[in-house]
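All remarks here apply to the structure that follows.
Number of protein chains: 2
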Amino acid sequence: MRSSDIDVHGTADEQLRRAGQRYTANRRSLVDALVGSSGPVTVIELLESIDGMAQSSAYRNLAVLEEAGVVHRVVTDDDTARYELAEHLTGHHHHLVCARCGAVIDIDVPNVIEDELRSLSAKVARAHGFRIDHHRLDLVGTCGNCTAPTD
Amino acid sequence: MRSSDIDVHGTADEQLRRAGQRYTANRRSLVDALVGSSGPVTVIELLESIDGMAQSSAYRNLAVLEEAGVVHRVVTDDDTARYELAEHLTGHHHHLVCARCGAVIDIDVPNVIEDELRSLSAKVARAHGFRIDHHRLDLVGTCGNCTAPTD
DNA sequence: ATGAGTGCAAAGGCTTTGCATTAGG
DNA sequence: CCTAATGCAAAGCCTTTGCACTCAT
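Protein chains in written order, with my numbering: chain A, 1 to 151; chain B, 1001 to 1151.
Here it is as structure tokens:
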């Protein structure tokens, strides 16, 4: 399942309506920007690629979109939040993170591991009285650019 | 391997010396506070349990301790950093996170999964030109308190 | 004595909020 | 019309930094 295979805007619209929200031009712009990215992006990056949107609108609308389940807020190592489309729009995936420059790349993980993680979740939920919603798996290292000779 | 089984202060001292740093009273207090916790704690929590240490000293010393490899900075969902002892002092583990209140609890993961993750890392490293240092696995959900009837 | 460590207060950077204006149903 | 959404500016919150003082070697 890839963003290109689904009617992202239609789905977003529907999810927002269901949440009692409108799918405004600004919100559409944000979703468009996210569709075009290969991994979670920062608010600043979004603003750069959108032009004319107030910073406060970006933050407010991303919050609305997250609340409605259209986008997902991601925090890695640096303390700048990043956003990506929700998993039902992108497919389940995990992240490869550069600890140096903060770059984040989407990666897929073998089903064997996903299965193991699901059963682990069930076990841990029981043991600790949690309800587990999802798991998060990041591989953290240094990307090609940051290892480059220029260092 | 548990904190109680190792000479944490001796190790910390040695690591700091190796990094050209001193193991001062403040740094020792921070390590002590971390030894007593069952998971990553926020700087504010550390300050509450220490008494008399300036906030700036906490941040500065935690940075030094992290640089020396004594502690590890952890970021989860809220944007407050948390700190824990480095893995060679606590053993390799992962985190159970409450998305509601932010609580973080250490958990162990079966070796099968750890093995799978290691080989996944190697594969992904090759595919993306990364050098992978470690992985991070969080199970995210809602803890018992936050699911309680009082809601 | 000399540089590292400390505390206090001020500054920074990301994010949120207040308020008046604009736009959508 | 009437509420939601927007932009601008101000405020908040966590974290970092500047500076003078203190401590350890």
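Built from N, CA and C at the ideal position, the CB exists for glycine as well.
Model, not experiment: these values are computed from the prediction.
Asked	Found
Closest to A:ILE105 by C-alpha separation, out of A:SER57, A:GLY141, A:ARG131, would be which residue?	A:GLY141
Run the CB neighbour count on A:ALA127, radius 10 Å, all protein chains shown included, and call it buried at 16 or more, exposed below.	exposed
Buried or exposed: which applies to B:GLU1087, given that a residue is buried once 16 or more other Cβ atoms fall within 10 Å of its Cβ?	exposed
8 Å is my cut-off, CB to CB: does A:ARG126 come that close to chain B?	no
Work out the CA separation of B:ILE1113 and A:GLU116 for me, nearest whole Å.	7 Å
Grab the span of the beta strand (DSSP E) containing A:VAL75 for me, first residue to last.	No beta strand (DSSP E) holds A:VAL75; DSSP gives it neither H nor E.
Name, going along the chain, the residues of the segment 137 to 150 of chain A whose beta-carbon falls closer than 8 Å to a beta-carbon of chain B.	LEU137, ASP138, LEU139, VAL140, GLY141, THR142, CYS143, GLY144, THR147
When the Cα of A:MET53 is compared with those of A:ASP13, A:GLU66, A:ARG28, A:THR147, which residue comes out closest?	A:ARG28
For B:GLY1091, report the span of its alpha helix (DSSP H) as first-last.	Looking at the DSSP string, B:GLY1091 is not in any alpha helix (DSSP H), and its letter there is neither H nor E.
Give me the Cβ distance between B:TYR1083 and B:ARG1073, rounded to the nearest whole Å; I'm assuming they're in contact under 8 Å.	6 Å
When you compare each of A:ASN26, A:GLU14, A:GLY129 to B:CYS1098 by their alpha carbons, which one comes out closest?	A:GLY129
Can you give me the C-alpha to C-alpha distance between B:GLU1226 and B:ALA1081, rounded to a whole angstrom?	Residue coverage of chain B in this structure runs from 1001 to 1151, which leaves residue 1226 of chain B outside it and unanswerable.
Can you tell which of A:ARG100, A:ILE107, A:ASP133 has the C-alpha that lies nearest to the C-alpha of B:ARG1100?	A:ASP133
Just to check, is the beta-carbon of B:VAL1043 closer than 7 Å to a non-hydrogen atom of the ligand GTP?	No copy of the ligand GTP occurs in the structure displayed, which carries no ligand at all.
For B:LEU1047, which option in B:ALA1063, B:LEU1030, B:SER1038, B:VAL1035 has the closest C-alpha, if you only look at C-alpha atoms?	B:LEU1030
Only counting the same chain, and skipping five residues up and downstream in sequence, which positions put a Cβ closer than 7 Å to that of B:ALA1019?	GLU1067, ALA1068
Between A:ASP79 and chain B, is any beta-carbon pair separated by less than 8 Å?	yes
Distance, Cα to Cα, B:ILE1044 vs B:LEU1034?	13 Å
Only counting runs of 3 or more residues, tell me where the beta strand (DSSP E) segments fall wholly within the segment 1028 to 1074 of chain B, in order along the chain.	1071 to 1074
With C-beta atoms as the reference, is B:SER1121 less than 8 Å away from B:HIS1135?	yes
Can you tell me whether DSSP reads A:THR11 as helix, strand or coil?	helix
Ends of the beta strand (DSSP E) at A:VAL112?	Note, A:VAL112: premise wrong, no beta strand (DSSP E); alpha helix (DSSP H) at 111 to 128.
Measure from the C-beta of A:THR42 to each C-beta in chain B and report whether the shortest distance is under 8 Å.	no
Taking its Cβ as the centre, do 16 or more other Cβ atoms sit within 10 Å of B:THR1150, making it buried, or is it exposed?	Note that B:THR1150 scores a pLDDT of 49, beneath 50, so its modelled location is shaky and nothing firm can be said.
Using a C-beta to C-beta distance shorter than 7 Å, which residues of chain A count as neighbours of B:LEU1096?	VAL124, HIS128, PHE130
Just to check my reading of the structure: B:ASP1079 and A:ASP79 have Cβ atoms closer than 8 Å, yes? What is that Cβ distance to the nearest angstrom?	6 Å
So A:SER56 contacts chain B; which residues on that side make the cut at Cβ distance below 7 Å?	The contacting residues do not exist; A:SER56 stays about 17 Å from chain B at best.
So which residues on chain A does B:ALA1099 lean against when the C-beta distance must stay under 8 Å?	ASP133
Relative to the C-alpha of B:HIS1092, which candidate in B:ASP1108, B:GLN1055, B:ASP1077, B:LEU1062 has its C-alpha closest?	B:ASP1108
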